[in-house]
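The block underneath contains the structure these notes are about, expressed in structure tokens.
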Amino acid sequence: MIKQNLYDEVQGLAPLGRKICRYLFSNPELSGQEHNSAEYYRKLLKKEGFTIVDSSTLSTAFYAEYGQGKPVIAVLGEYDALPGLSQEACAEKKPVCEGGPGHGCGHNLLGSAAAVAAVALKRFLEKSGTKGTIRFYGCPEEELLCGKVKMIAEGMFEGCDAALSWHPNDGNMVHDHGYLANTSMKFFFTGKTSHAAFAPHQGRSALDAVELMSVGCNYLREHVVDRSRIHYTTDSGGFAPNIVPDHASAWYFVRAPHIQDVKEIAQRVELVAKGAAMMTQTSVRVEHGYGCCEFKDNTSFADLAYVNMVEADGPKYTQEEMDFAKSLQATLAEGVAQQANRLYGSEEPSMHMGVGDRQLWSACEMTASSDSGDVSYIIPTCLFTTACWPKGCSPHTWQASAGAGSTIGEKGSHYAAKILAGIGYDLFTKPEELAKIVHEFNDKNDNTYEPILAD
Ligand SMILES: [Zn+2]
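Numbering (my numbering), first residue to last: 33 to 487.
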């Protein structure tokens with residue numbers, strides 16, 4: 033069976049891919065609640081002849097396996113949605129359900145491409161009698177950056193030789209330096225309530241502590257390593273202005289290019305919190321959440337992904353799709369589209385066509401984070417993106433949700449399925465390619481994987 037037969041197999045699976053994208057888009061589930069989504073994939077893959085291996089700790093995690101012996105190739109699938117990003121597939125902000133969850137990170141497309149590629153590779157192994165095992169990984173809780181960390185801790189990735197990953201984005205490109213490391217911390221301040229006008233001197237405001245902590249962290253930003261990120265939110269700061277708030281909380285994410293930097297900055301953020309508590313005579317309790325590692329580069333693997341991106345035929349869009357992309361792009365902040373066009377080196381059309389320059393993008397970092405970073409610490413992993421929404425559009429926006437629900441997103445997912453299948457084919461049929469990737473992984477591996485686990 034030659035590679036073209038495999039591409040034909042993926043082409044034949046296009047209707048299934050679209051069906052998956054649409055089902056998940058219409059039934060978005062938040063991180064930790066992806067019960068129906070996980071079940072949907074389990075059923076589908078079981079029907080295709082895969083054996084399901086469930087996680088013993090996470091009811092929403094599993095892997096589906098087909099084949100025998102080495103190599104064992106993993107394809108990473110995700111399916112969680114984001115709060116508040118419910119959106120119809122149209123070029124104006126229009127939630128399907130006001131305040132409801134939506135696929136603003138395109139994980140409906142992500143899991144679909146991974147499943148289609150896994151099914152196509154299963155059929156290839158079956159029809160050609162090629163030795164090897166294909167696994168689809170059903171990875172929940174990516175938006176909380178912890179599902180895969182928990183799955184690794186459970187030993188679910190043991191035996192894998194390489195992992196294939198992709199993510200929807202605004203361009204087609206391979207990422208060598210995919211993600212920043214990240215950690216999550218929640219700070220709960222406790223003060224003393226009082227009448228804010230009658231006896232303010234008797235009160236100690238927990239909200240003041242949250243505000244002073246923000247001020248401290250905003251000063252801290254200048255004195256951390258380049259490309260670090262510190263961001264926060266609060267969902268409790270008292271009930272009414274005339275009551276001094278006795279409780280308030282803040283949720284922080286700290287990101288940096290290396291997990292060690294994240295650990296160090298996180299300690300300094302904790303000191304700022306303690307300082308804020310001291311200034312306001314309140315107390316603070318810290319709750320440590322899960323963290324995730326940065327993405328470990330593997331040039332040989334990225335090169336192979338690039339070759340496959342060029343080899344697989346990219347999407348062709350209809351005029352209607354191009355018009356939709358243009359109107360969606362027009363809703364972005366002023367100058368964003370122009371900036372993206374400068375980056376991609378072309379003015380028109382609004383969708384990125386072709387494949388991003390290998391040299392240019394190998395130096396660029398995707399400054400989001402993903403628990404796929406942890407996978408890249410223990411197994412060689414590749415990462416690429418395909419255009420699923422217009423240039424300049426960022427994930428975690430209603431515009432990305434709109435793209436993820438449209439045929440543009442579905443075409444991006446189909447393209448990704450072809451690329452994943454193509455890379456898998458090369459790994460199964462060219463042992464020297466896999467050997468080169470594993471060799472580089474072993475060379476760079478300093479066995480320092482130390483996950484950040486929650487309290
Ligand atoms: Zn995502």
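Cβ coordinates follow ideal geometry from the N, Cα and C atoms, glycine included.
Can we count residue i as close to ligand 1, meaning its CB is less than 6 Å from some heavy atom?
i	result
CYS53	no
Leaving aside the five residues before and after residue i along the sequence, list all residues of the same chain whose C-beta is less than 7 Å from its C-beta, in chain order.
i	result
ASP112	GLU61, LEU62, SER63, GLU66, HIS139, PRO172, GLU173, GLU174 and GLU175
PHE416	TRP198, MET205, VAL206, HIS207, ALA337, MET341 and ILE451
ASP278	THR222, GLY223, LYS224, THR225 and ALA238
CYS122	ALA434
GLY134	PRO60, ALA113, LEU114, LEU117, SER118, GLN119 and SER433
SER88	GLU186
PRO127	SER118 and GLN119
GLY132	SER118
GLU80	VAL151 and LYS154
Looking at residue i: is its Cβ nearer than 7 Å to the Cβ of residue j?
i	j	result
CYS53	SER445	yes
PRO483	VAL181	yes
ALA147	GLY109	yes
CYS325	ALA213	yes
PHE82	ALA93	no
LYS443	TYR376	no
THR418	TYR457	no
VAL32	ALA46	Residue 32 lies beyond the stretch modelled for the chain, which goes from 33 to 487, so this question has no answer here.
LEU38	PHE168	no
ALA436	LEU141	yes
ILE105	ILE166	yes
ALA453	GLY321	no
THR429	GLY136	yes
MET203	ALA70	The residue you asked about is not Met; residue 203 is Gly in the sequence shown. Not closer than 7 Å, so no.
PRO103	LEU364	no
ALA288	VAL257	yes
ARG236	THR314	yes
SER268	ALA280	yes
GLY323	THR215	yes
PRO200	CYS420	yes
GLY99	LEU157	yes
VAL4	ILE262	In the structure as shown, the chain starts at 33 and stops at 487, and residue 4 therefore has no counterpart that could be examined.
ASN330	PHE473	yes
GLN431	LEU360	yes
What residues in its chain sit with their C-beta under 6 Å from that of residue i, if we drop five residues either side in the sequence?
i	result
ALA305	PHE219, MET245 and VAL316
GLY210	PHE327, MET398 and LEU415
GLN234	SER226
VAL407	LYS180, ALA195 and THR413
PHE460	THR162 and GLY164
GLY405	TYR211, CYS324, CYS325, GLU326 and PHE327
ILE84	ARG74, LYS78, PHE94 and ALA96
PRO9	Only positions 33 to 487 of the chain appear in the structure, and residue 9 is not among them; the question remains open.
What distance in whole Å lies between the Cβ atoms of residue j and residue i, which are believed to be in contact at a cut-off of 8 Å?
i	j	result
PHE241	ALA308	According to the sequence as given, residue 241 is Ala; it is not Phe. Contact flag correct, Cβ pair sits at about 5 Å.
ALA357	ILE440	6 Å
LEU252	SER144	Incorrect: roughly 41 Å between the Cβ atoms, too far for contact.
ASP293	SER260	7 Å
VAL301	MET217	7 Å
ASP193	VAL470	7 Å
SER394	ALA334	7 Å
Excluding the five sequence neighbours on either side, which residues of its own chain have a C-beta within less than 8 Å of the C-beta of residue i, listed in chain order?
i	result
ARG155	GLU41
SER91	HIS67 and ALA70
ILE275	THR225, SER226, HIS227 and ALA228
TYR349	ALA357, PRO381, MET383, ILE440 and LYS443
GLU130	SER118
CYS249	ILE262, TYR264, TYR284, VAL301 and VAL304
THR312	PHE221, GLY223, ARG236, SER237, ALA238, ASP240, ALA241 and LEU244
### Query
Around ligand 1, which residues pass a check of Cβ closer than 7 Å to any of its heavy atoms?
Going along the chain, the residues that qualify are GLU110, CYS137, GLY138, HIS139, LEU142, GLU174, GLU175, HIS199, SER402 and PRO427.
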